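*Asks:* Protein sequence lines, in the order shown, are assigned to chains R and E.
Numbering of the first sequence is given in my numbering, commencing with residue 555 and proceeding in unit increments.
Numbering of the second sequence is given in my numbering, commencing with residue 210 and proceeding in unit increments.
Virtual Cβ for every residue (Gly too), placed ideally from N, Cα, C.
Remember, predicted model here, so these are calculated numbers, not experimental data.
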Amino acid sequence: MRRERDDSEDIARVRVFIDHWEFSLSWQIAYSGFTRRKLTASDLENAQVESQKIEWKLLPDIILEHLDEVEYIKDSPKELRNVDVYASARNSGNQKADNDFRNWLEKELDPLPGFEVYHFPRKKLKRSVQCKGCGASLDRPELEKGLKTKMACDLLSYAVEDLYDIGVLFADDPELSPSVLCVQEIFDKKIIHIGLKSRGQTLRSAAWGHVLLNDLMKDLFKPHDFGNKRTRK
Amino acid sequence: MRSRAGRPSRVRVFIDYWNFARDWYSIHERQPDKNMDWAALPAAILEALDRVPLLRSTRKELRAVKVYTSLQPPKDSGFDDLDEEEKLGEERRLNDWFQNDLDQLTAYTVDITPRADDPLQCDVCGHRNSHFVEQGVDTKIAIDLVALASSDLYDIAVLVTNDSDLVPSVQCVQDSLDKLVLHLGFEDIETEVRTAAWGHLFIEGMFADIVRTSERPYS
Chain R
555 MRRERDDSED
565 IARVRVFIDH
575 WEFSLSWQIA
585 YSGFTRRKLT
595 ASDLENAQVE
605 SQKIEWKLLP
615 DIILEHLDEV
625 EYIKDSPKEL
635 RNVDVYASAR
645 NSGNQKADND
655 FRNWLEKELD
665 PLPGFEVYHF
675 PRKKLKRSVQ
685 CKGCGASLDR
695 PELEKGLKTK
705 MACDLLSYAV
715 EDLYDIGVLF
725 ADDPELSPSV
735 LCVQEIFDKK
745 IIHIGLKSRG
755 QTLRSAAWGH
765 VLLNDLMKDL
775 FKPHDFGNKR
785 TRK
Chain E
210 MRSRAGRPSR
220 VRVFIDYWNF
230 ARDWYSIHER
240 QPDKNMDWAA
250 LPAAILEALD
260 RVPLLRSTRK
270 ELRAVKVYTS
280 LQPPKDSGFD
290 DLDEEEKLGE
300 ERRLNDWFQN
310 DLDQLTAYTV
320 DITPRADDPL
330 QCDVCGHRNS
340 HFVEQGVDTK
350 IAIDLVALAS
360 SDLYDIAVLV
370 TNDSDLVPSV
380 QCVQDSLDKL
390 VLHLGFEDIE
400 TEVRTAAWGH
410 LFIEGMFADI
420 VRTSERPYS
């Protein structure tokens, strides 16, 4: 939705960009902190499936509430325009769970109001690598193809078309720093990074402001997962 | 492409170095002394653009050639088999060539991305193997394509890469920012970038101008 920018009392248009895997991983780490459960390697592997526990439909309101606590922008009225989720389903070895997850992305997450899910296939590299210790063939992880460039391109192209004022970024990859700096310096947009304190430092430094994911956590559980969940107004 | 009232069309060239070099090596496998004459490339591109039917009548002016690279040669170059000291030596040599030769050619800028270690642990013996990957080169090209177009700093982009990750940015600058993107690559290597781009050039048509015979460095 484009609009004329000559009104000084404009509502700040908020657009959210979520790297699904990185957000899921951070959420899983934060979740284990809240539930005081020791995180295992398989918990991290299952982060994408576990992400279905997140209260996605509450996410837009939660983000807006927390933006109202960020210095310098807390007094501006805000309006959420879109939540873009960039996902690349991993093959966990459990085919049913993987299929269920893809269905969930397509049939539950994408139809939520304001949500748009972009799905990127993963690619296995053809060239094999041998272990320098024993010569065994190493299993190279599948790589997501095109997700980061699509995110970088969208951050930039929506800014070029003046489709947002505040970009909220759930991602940790420093690859996105140049696009963050570009939209801030050239297009006068504000990027707010949301993530764990222990991850995504480069992106958090590049961003205009940040909110720590831990501050959102208490609102992001489903009631059966977290007994003390606050009732939303 | 917007008319610029008689002024020449500004051309920018974007090159993903290792993506291009891999194809170059595979095409010239049987002639390892066949090297690329980087200094001759910009003029060869302008000449090739003059042969594109809808661009024939437009005057063209080269603005910049930007080469995006990392100090991470392709896997089949044997780089991974070197020990750490040899790797450092090779990296220094590459860095020296990128900065003191290629970058100093007229109109060229080289953007070097540091390589990132993404170690692989062996399931059999537990050994932690260094595994370096090129990270961020494609996003840098995507950003420059869009950001320079939005600041109206070129009219024609010549894109030298087969990385399909760049398709959204190609579509964006063509559809929203009214720029022309031409893919430059090898005729036999099919790529989604060529399909997405407004037009294309084949590098084989430039061989007479840009292939030189010399001892083969990474160039």
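Counting pairs of beta carbons, one from the segment 750–766 of chain R and one from the segment 327–340 of chain E, are three or more of them closer than 8 Å?
*Replies:* With the cut-off at 8 Å, the segment 750–766 of chain R and the segment 327–340 of chain E do not touch.
*Asks:* Output the distance between the C-alpha atoms of Leu598 (chain R) and Gly763 (chain R), rounded to the nearest integer angstrom.
*Replies:* Those two C-alpha atoms are separated by around 28 Å.
*Asks:* Closest Cβ-Cβ distance between Thr756 (chain R) and chain E: below 8 Å?
*Replies:* Not closer than 8 Å to any Cβ of chain E, the Cβ of Thr756 (chain R) fails to qualify, so no.
*Asks:* Quick check: what's the CA-CA separation for Ile321 (chain E) versus Arg569 (chain R)?
*Replies:* If you take the alpha carbons of Ile321 (chain E) and Arg569 (chain R), they lie about 31 Å apart.
*Asks:* So does the segment 570–589 of chain R actually touch the segment 626–640 of chain R, counting three or more Cβ pairs closer than 8 Å?
*Replies:* Short answer: they touch.
*Asks:* Can you have a look at Cys381 (chain E) and say buried or exposed, based on whether 16 or more other CB atoms are within 10 angstroms of its CB?
*Replies:* Result: buried.
*Asks:* Go ahead and pull the three-state DSSP assignment for Glu399 (chain E).
*Replies:* Note: Glu399 (chain E) maps to coil in three-state DSSP.
*Asks:* When DSSP labels each residue in this structure, what does Arg784 (chain R) get in the three-state scheme?
*Replies:* At Arg784 (chain R) the pLDDT is 44, less than 50, meaning the model places this residue with poor confidence; the figure from the coordinates comes in the next sentence. Coil.
*Asks:* Can you pull out the residues from the segment 361–380 of chain E whose beta carbon lies closer than 7 Å to at least one beta carbon of chain R?
*Replies:* The residues in question are Ser373, Asp374, Leu375, Pro377, Ser378.
*Asks:* Check whether chain R comes within 8 Å of Pro426 (chain E), counting only Cβ atoms and requiring the distance to be less than that.
*Replies:* Only weak support is given to the placement of Pro426 (chain E): the predicted model assigns it a pLDDT of 49, under 50, and the value that follows is read from those uncertain coordinates. No, its Cβ sits nowhere closer than 8 Å to a Cβ of chain R.
*Asks:* Could one say the Cβ of Pro732 (chain R) lies closer than 8 Å to chain E's Cβ atoms, at least one of them?
*Replies:* Chain E, which has a Cβ nearer than 8 Å to the Cβ of Pro732 (chain R), makes this yes.
*Asks:* Tell me the DSSP secondary structure of Glu827 (chain R) in three-state form.
*Replies:* Beyond the ends of chain R as shown, which are 555 and 787, falls residue 827 (chain R); an answer cannot be given.
*Asks:* Do Ala249 (chain E) and Ala316 (chain E) have their C-beta atoms within less than 8 Å of each other?
*Replies:* It is not a contact, given that the beta carbons lie outside the stated cut-off.
*Asks:* Please go through the same chain and pick out, in chain order, the residues whose beta-carbon is closer than 7 Å to the beta-carbon of Asp312 (chain E), but skip the five residues on each side of it.
*Replies:* Excluding residues within five positions, the ones whose Cβ falls inside 7 Å are Thr318, Val319.
*Asks:* I want to see whether chain R comes within less than 8 Å of Lys349 (chain E), judged by CB atoms only; does it?
*Replies:* Closer than 8 Å: yes.
*Asks:* To the nearest angstrom, report how far apart Leu621 (chain R) and Lys388 (chain E) are at their CA atoms.
*Replies:* Computed Cα separation, rounded: 36 Å.
*Asks:* Any idea if Tyr226 (chain E) is buried or exposed, counting beta-carbon neighbours within 10 angstroms, 16 or more meaning buried?
*Replies:* The residue in question, Tyr226 (chain E), is buried, as its Cβ has 16 or more Cβ neighbours within 10 Å.
*Asks:* Indicate whether the contact test is met: 3 or more Cβ pairs, each with one atom in the segment 746–755 of chain R and one in the segment 765–773 of chain R, closer than 8 Å.
*Replies:* Taking 8 Å as the limit for Cβ pairs, the verdict is that the segment 765–773 of chain R does touch the segment 746–755 of chain R.
*Asks:* By the 7 Å beta-carbon criterion, what residues does the segment 695–728 of chain R contribute toward chain E?
*Replies:* For the segment 695–728 of chain R, which is checked against every Cβ of chain E, the residues closer than 7 Å are Lys699, Gly700, Lys702, Thr703, Lys704, Ala706, Cys707, Leu710, Ser711, Val714, Glu715.
*Asks:* So, are the CB atoms of Lys677 (chain R) and Leu697 (chain R) less than 8 Å apart?
*Replies:* Yes, these two residues count as a Cβ contact at 8 Å.
*Asks:* What does Leu692 (chain R) reach in chain E if we use C-beta pairs closer than 7 Å?
*Replies:* Near Leu692 (chain R) (Cβ distances below 7 Å), the residues of chain E are Leu329, Cys331, Asn338.
*Asks:* Could you check where the beta strand (DSSP E) with Leu410 (chain E) kicks off and where it finishes?
*Replies:* Looking at the DSSP string, the run of the beta strand (DSSP E) that includes Leu410 (chain E) is 408–411.
*Asks:* What's the C-alpha gap between Ala566 (chain R) and Cys707 (chain R)?
*Replies:* Computed Cα separation, rounded: 21 Å.
*Asks:* Using a beta-carbon distance below 8 Å, is Trp227 (chain E) in contact with chain R?
*Replies:* So no, Trp227 (chain E) is outside the interface.
*Asks:* Which parts of the segment 214–296 of chain E are runs of the alpha helix (DSSP H), unbroken and 4 residues or longer, counting only runs that do not cross its ends?
*Replies:* Qualifying alpha helix (DSSP H) stretches, in chain order: 226–236, 250–259.
*Asks:* Taking the C-alpha atoms as reference points, what is the distance between Gln738 (chain R) and Gly689 (chain R)?
*Replies:* Straight-line Cα distance between these residues: approximately 48 Å.
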